[in-house]
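Participant: Under the numbering used here, the residues of the sequence shown are numbered 171 to 387, in order. Note that beta-carbon positions come from the ideal geometry of N, C-alpha and C, so glycine has one too. Computed from a prediction, not measured in an experiment: that's the story for all the values here.
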Amino acid sequence: MIKAIFWDNDGVLVDTEGIFFRANQETLADLGISLGWEQFEEISLVRGGSVLQLAQKPGTEAFYKLRDKRDALYADLLTREPLVMEGVRDVLEALTGKYAMGIVTSSGHEHFEIIHRRSGLLPYFQFALTMKDCSRFKPHPEPYLKAIALSGCRPEECLAIEDSPRGLVSAVNAGIRCLVVPSRFTRGGDFPGAFQILNNIRELPATLEELQAGILN
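#1: Assuming Ile346 contacts Trp177 under a Cβ cut-off of 8 Å, what Cβ separation, rounded to an integer in Å, is found between them?
#2: I'd like the list of long-range same chain contacts for Arg306, defined as Cβ closer than 7 Å, with 5 residues on each side in sequence excluded.
#3: Can you tell me which of the three DSSP states Thr249 falls into?
#4: Which stretch, first to last residue, makes up the alpha helix (DSSP H) that contains Arg336?
#5: Give the secondary structure of Met255 by DSSP, where H, G and I count as helix, E and B as strand, and everything else as coil.
#6: Since Val274 and Tyr314 should fall inside the 8 Å C-beta cutoff, what is the C-beta to C-beta distance between them, to a whole number of angstroms?
#7: State the start and end residues of the unbroken alpha helix (DSSP H) segment that holds Ile189.
#8: Are the beta-carbon atoms of Val254 and Leu183 separated by less than 9 Å?
#9: Let's see if you can read the secondary structure: which residues bound the alpha helix (DSSP H) around Leu315?
#10: Between Asp303, Glu280, Gly272 and Leu265, which lies nearest to Glu379 when the distance is taken from Cα to Cα?
#11: Taking the CB atoms as reference points, tell me whether Gly278 and Lys316 lie closer together than 9 Å.
#12: Taking only three categories from DSSP, how would you classify Gln223?
#13: Quick one: using the 10 Å Cβ neighbour count with 16 as the cut-off for buried, is Ala388 buried or exposed?
#14: In whole angstroms, what separates the C-alpha of Ile367 from that of Val342?
#15: Report the option in Asp180, Lys227 and Gly188 whose CA atom is closest to the CA atom of Phe210.
#16: Please report how far the alpha carbon of Ala364 lies from the alpha carbon of Thr186, in whole angstroms.
#17: DSSP three-state label for Asp180, please.
#18: Looking at the structure shown, is Thr300 part of a helix, part of a strand, or coil, going by DSSP?
#19: Do the CB positions of Ala225 and Leu236 come within less than 9 Å of each other?
#20: Buried or exposed: which applies to Lys308, given that a residue is buried once 16 or more other Cβ atoms fall within 10 Å of its Cβ?
#21: In chain order, what residues of the same chain have a beta carbon less than 7 Å from the beta carbon of Arg288, not counting five sequence neighbours either side?
This is the structure:
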């Protein structure tokens with residue numbers, strides 16, 4: 171019996187991955203470095219690293235200055251672009267009161283707040299975990315292990331909703347079943363260990379009903 175649902179943020183609730191790519195791409199372009207989507211996907215979405223390492227060594231002052239520049243550009247873009255993924259608000263409305271729900275993201279807290287000041291989605295959730303709440307980030311299981319503890323549920327009573335391989339690995343290694351809803355950027359990718367792959371978020375309520383009825387195992 172599923173009692174708690176943990177939602178990834180970027181690419182699941184909000185359409186921010188393309189915006190983050192643009193911020194990185196423009197930042198690196200100023201240094202004469204061309205960043206393509208496949209390179210960004212491998213370093214950022216699969217490995218959970220920073221593409222800024224293409225320009226500066228992580229941990230150095232120059233790296234942090236470059237990151238600050240990228241973050242400022244990203245924050246500016248977030249105030250101007252459409253954010254909430256299609257169908258998300260309707261699905262959250264349908265699930266409210268039936269499940270405990272939390273957001274589990276490795277995004278920075280400042281950007282998370284900028285996003286959700288505009289989104290209006292936070293009232294649907296009992297808690298949100300961001301980068302500031304964890305010492306290790308996806309694909310490490312720590313974010314989901316903390317979510318399990320906050321929910322008061324057992325791992326088998328929890329379900330994660332993810333769109334990327336690193337998020338899937340994080341959830342599975344925390345002992346949680348994970349439904350993958352590929353974004354426009356991760357569609358067609360490999361998701362080994364996923365409990366099920368959905369075509370879009372609107373399929374989630376029916377999938378949950380089948381899961382609760384024992385039709386899906």
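Facilitator: Result, derived from the coordinates:
#1: Looking up residue 346 in the sequence shown gives position 176. Looking up residue 177 in the sequence shown gives position 7. In fact, because the Cβ distance is near 12 Å, the residues do not count as touching under 8 Å.
#2: As a working note, residue 306 is residue 136 in the sequence shown. Counting only Cβ-Cβ distances below 7 Å, and skipping sequence neighbours, we find Glu312.
#3: Taking the sequence shown and counting its residues from 1, one reaches residue 249 at position 79. In the structure shown, Thr249 sits in coil (DSSP, three-state: anything other than H, G, I, E or B).
#4: On the sequence shown, residue 336 is found 166 positions in, with the first residue counted as 1. Taken as a continuous stretch (DSSP letters only), the alpha helix (DSSP H) holding Arg336 covers Pro335 to Asn343.
#5: What you label residue 255 is simply residue 85 of the sequence shown in a count that begins at 1. Note: Met255 maps to coil in three-state DSSP.
#6: What you label residue 274 is simply residue 104 of the sequence shown in a count that begins at 1. What you label residue 314 is simply residue 144 of the sequence shown in a count that begins at 1. Between Tyr314 and Val274 the Cβ distance is about 6 Å, and since that is below 8 Å, they are a contact.
#7: Counting from one through the sequence shown, the residue named residue 189 turns up at place 19. Where Ile189 is concerned, the enclosing alpha helix (DSSP H) stretches over Glu187 to Ala199.
#8: The count along the sequence shown starts at 1 and reaches residue 254 at position 84. The count along the sequence shown starts at 1 and reaches residue 183 at position 13. Yes, the pair counts as a contact, with Cβ atoms nearer than the cut-off.
#9: To locate residue 315, count along the sequence shown from 1; it is residue 145. Glu312 to Ser321 is the extent of the alpha helix (DSSP H) around Leu315.
#10: Start at 1 with the first residue of the sequence shown, and residue 379 comes out as number 209. Cα-wise, what sits closest to Glu379 is Leu265.
#11: Along the sequence shown, read from residue 1 onward, the residue named residue 278 stands at position 108. Along the sequence shown, read from residue 1 onward, the residue named residue 316 stands at position 146. No, the Cβ-Cβ distance between Gly278 and Lys316 is not below 9 Å.
#12: Along the sequence shown, read from residue 1 onward, the residue named residue 223 stands at position 53. Gln223: helix per DSSP, three-state reduction.
#13: For residue 388 there is no data in the structure shown, the boundaries of the chain being 171 and 387.
#14: Here residue 367 is taken as the residue at index 197 of the sequence shown, counted from 1. Here residue 342 is taken as the residue at index 172 of the sequence shown, counted from 1. Going from the Cα of Ile367 to the Cα of Val342 covers about 14 Å.
#15: Here residue 210 is taken as the residue at index 40 of the sequence shown, counted from 1. The shortest Cα separation from Phe210 among Asp180, Lys227 and Gly188 belongs to Gly188.
#16: One-based indexing of the sequence shown puts residue 364 at position 194. One-based indexing of the sequence shown puts residue 186 at position 16. Using only the alpha carbons, I get a separation of about 23 Å.
#17: Counted from its first residue, the sequence shown places residue 180 at position 10. Here Asp180 sits in strand by DSSP.
#18: Residue mapping note: residue 300 aligns to position 130 of the sequence shown, counting from 1. DSSP places Thr300 in coil when its eight states are reduced to three.
#19: As a working note, residue 225 is residue 55 in the sequence shown. As a working note, residue 236 is residue 66 in the sequence shown. By the CB criterion at 9 Å, Ala225 and Leu236 fall inside the cutoff.
#20: What you label residue 308 is simply residue 138 of the sequence shown in a count that begins at 1. By the Cβ neighbour-count rule, Lys308 is buried, with 16 or more other Cβ atoms within 10 Å of its own.
#21: As a working mapping, residue 288 is identified with position 118 in the sequence shown. Only Leu253 meet the Cβ criterion.
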